[in-house]
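A.B. asks: As given, the protein sequences belong to chains A and B, one line each in that order. Okay, so the first sequence: first residue is 171 according to our numbering, each after it adds one. Okay, so the second sequence: first residue is -7 according to our numbering, each after it adds one. All C-beta atoms in this analysis are idealised placements derived from N, C-alpha and C, irrespective of residue type, glycine included.
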Amino acid sequence: MDNNISEKEFVGLINENQGLIHKVCLMYERNDENRRDLFQEIVLQLWRSFHSYKGQSKITTWMYRIALNTAISSLRKTSRIPESTDIDTLQFHIADDIESETRREQFQMLENAIKQLNEIEKAMMMLYLDDIPYEEIAETLGITQNNERVKMNRIR
Amino acid sequence: MDLDDLKGAWKQQAQQTDKQLLNDQQLRAMLHIKAANTIDLLKNSVRFELWFTVLFMVVCVVVIFLTKDQTIRDISIITIIVSGGFSYYYFKKLSLLNHLHVENKSIKENLIHLVTNFEKFLWFYRWGINILSPIASLAGAFIGLHVSTGKDFIELGLQIKVWLILIVILSPLTVLFNYGIKWYLKKLYGNHLSHLRFLMQELQD
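Shown next, in the form of structure tokens:
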């Protein structure tokens, strides 16, 4: 019974914040199938760690940590070697209502930028693009804010 | 173009994920998946090996109590001793694999945790099997000699000639096996471990 309650609570939680997990998958996997696998793995890791979540940090901070740690370090069947895909085959769907060349250019630039980053830099970039405060980014990564600034400058 | 200019593009892209949102039922189904990654699959396989070995030991114990044939009893005892070693090996492997999970820690702490435990796992995997394999081969050879010559194990064990022949045959095989295991583990996990080490270095101050 307790397990059912916590399962219901957990599913509700994931439902509210599943956009966050999708974003992590979007950042780390190109291929749709790999992205689905990663999503599943993150949800399962979150479920396995759910009992240890005591509310000491924001739920989104906890979710970012587990999701990023899973995406970065778990041993998956898929290759980590960047795939050479051209812009036409990318899974980055350009919204139908956006037709301006500027927006398209921005998508292309974002995609090109992501391709050049390693997993740590991808995590930093994602948190930055999601407007997460610098202190929280440094805490999530486990580095000092000085080190974080140096790395952000390198990414820029 | 500055990184800030790309925020709009990222947010626009992130909004597209709303179209992929899963419902409660789909999410619930994910919670009951037994193996989501390679480590889970490895754990399942080691668990199976452990249970199989333990079951085999139980069968040998039953045989000892049921048979009156001394040869079969002796063979069963040797098999139990060797299987005991393998059971410990699988049990320890499983416990090391249980440490290879993502934790609610910072990315840096998590990488340190994983690298340390992954190194321990690979070290034990390699040396455990390198020690157990020659022991199992030696036991097999003694059982074979016992069955073919009819001499008892103590008598065979006291013959220096028997030991010399077995050492000459088993030593090169053990060395080859050691290199084989080293190559196999490097091929399977070497890239992953190097990758984790590289990322860990990236986060050093």
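(1) Could you tell me the distance, in whole angstroms, from the CA atom of leucine 238 of chain A to the CA atom of glutamate 203 of chain A?
(2) Which term fits asparagine 185 of chain A, buried or exposed, when burial requires 16 or more other beta carbons within 10 angstroms of its beta carbon?
(3) Below 7 Å on C-beta distance, what does glutamate 211 of chain A contact in chain B?
(4) Reducing DSSP to helix, strand and coil, say where proline 303 of chain A ends up.
(5) From the beta carbon of asparagine 102 of chain B, is the nearest beta carbon of chain A less than 8 Å away?
(6) Could you pull out every residue in the same chain whose Cβ sits closer than 7 Å to the Cβ of phenylalanine 262 of chain A, ignoring the five residues on either side in sequence?
(7) Here's the rule I'm using: 16 or more other beta-carbon atoms within 10 Å means buried, otherwise exposed. How should lysine 35 of chain B be labelled?
(8) Kindly indicate which three-state DSSP category lysine 199 of chain B falls into: helix, strand or coil?
(9) Taking C-beta pairs closer than 7 Å, name the residues in chain B that glutamine 286 of chain A reaches, listed in chain order.
(10) Less than 8 Å between the beta carbons of histidine 184 of chain B and leucine 245 of chain A, yes or no?
(11) Which residues in chain B sit within 8 Å of glycine 225 of chain A, going by Cβ to Cβ distance?
(12) For aspartate 265 of chain B, which residues in chain A fall below 7 Å Cβ to Cβ?
(13) I need the DSSP call for glutamine 196 of chain B, collapsed to helix, strand or coil.
(14) Drop a sphere of 10 angstroms on the beta-carbon of valine 21 of chain B, count the other beta-carbons inside from all chains shown, and report buried for 16 or more, exposed for fewer.
(15) Under 8 Å, Cβ to Cβ, is there at least one residue of chain A near histidine 184 of chain B?
(16) Which runs of the alpha helix (DSSP H) spanning at least 4 residues fall entirely within the stretch 4 to 90 of chain B, listed in chain order?
(17) Which class does isoleucine 212 of chain A belong to by DSSP, given the choice of helix, strand or coil?
(18) Looking at the C-beta of arginine 20 of chain B, does it have a partner C-beta in chain A at a distance below 8 Å?
(19) Among B/Asn29, B/Tyr171 and B/His91, which one has its Cα closest to the Cα of glutamate 111 of chain B?
(20) Interface residues of chain B around methionine 279 of chain A at Cβ under 9 Å?
(21) Let's test the definition: count the other Cβ atoms within 10 Å of the Cβ of glutamine 193 of chain B and tell me whether it reaches 16, buried, or not, exposed.
(22) Please give me, in chain order, every unbroken run of the alpha helix (DSSP H) with length at least 4 that falls completely inside the stretch 126 to 165 of chain B.
(23) Compare the Cα-Cα distances from histidine 192 of chain A to each of A/Ile307, A/Val320, A/Glu179 and A/Tyr234 and report the closest residue.
(24) Between the Cα of tryptophan 115 of chain B and the Cα atoms of B/Phe145, B/Leu137, B/Ile173 and B/Val54, which residue gives the shortest distance?
(25) I need the boundaries of the alpha helix (DSSP H) containing lysine 321 of chain A, first residue and last residue.
(26) Cβ closer than 8 Å: which chain A residues qualify as neighbours of glutamine 62 of chain B?
(27) I need the straight-line Cα distance from threonine 314 of chain A to alanine 308 of chain A, nearest angstrom please.
(28) On the CB-based measure, 16 or more other CB atoms within 10 Å of its CB, does glutamine 151 of chain B come out buried or exposed?
(29) Counting only Cβ-Cβ distances shorter than 9 Å, please list the residues of the stretch 84 to 99 of chain B near chain A, keeping chain order.
(30) Would glutamate 194 of chain B count as contacting chain D if we go by Cβ distances under 8 Å?
(31) Strictly under 8 Å for the Cβ-Cβ distance: is valine 181 of chain A near chain B by that measure?
(32) Near valine 77 of chain B, which residues of its chain fall below 6 Å by C-beta distance, leaving aside the five closest residues on each side in sequence?
(33) For glutamine 8 of chain B, which residues of its own chain have a beta-carbon under 7 Å away from its beta-carbon, when the five flanking residues on both sides are left out?
C.D. replies: In brief:
(1) 18 Å
(2) exposed
(3) Ala28 and Asn29
(4) coil
(5) yes
(6) Reliability fails at phenylalanine 262 of chain A, whose pLDDT of 45 lies under 50, so the model's placement of it is uncertain and the value that follows must be treated cautiously. Counting only Cβ-Cβ distances below 7 Å, and skipping sequence neighbours, we find Phe277 and Glu281.
(7) buried
(8) Outside the displayed range of chain B (-7 to 197) lies residue 199 of chain B, so it cannot be described from this structure.
(9) Ordered by position in chain B, no residue passes the 7 Å Cβ test against glutamine 286 of chain A, which lies about 13 Å from the chain.
(10) yes
(11) In chain order: nothing, as chain B lies at least about 12 Å away.
(12) Residue 265 of chain B lies beyond the range of chain B shown here (-7 to 197); nothing can be said about it.
(13) coil
(14) Per the sequence presented here, residue 21 of chain B reads as alanine, with valine not at that position. That one is exposed.
(15) yes
(16) 16 to 23, 30 to 58 and 62 to 90
(17) helix
(18) yes
(19) B/His91
(20) Met(-7), Asp(-3), Leu(-2) and Ala1
(21) exposed
(22) 145 to 149
(23) A/Tyr234
(24) B/Ile173
(25) 315 to 325
(26) Chain A residues near glutamine 62 of chain B: none, gap ~49 Å exceeds 8 Å.
(27) 6 Å
(28) exposed
(29) Leu92, His93, Val94, Glu95, Asn96, Lys97, Ser98 and Ile99
(30) Among the chains of the structure shown, chain D does not appear; the protein chains present are A and B.
(31) yes
(32) The amino acid at residue 77 of chain B is misidentified as valine; the sequence shows glycine. Leu124.
(33) none
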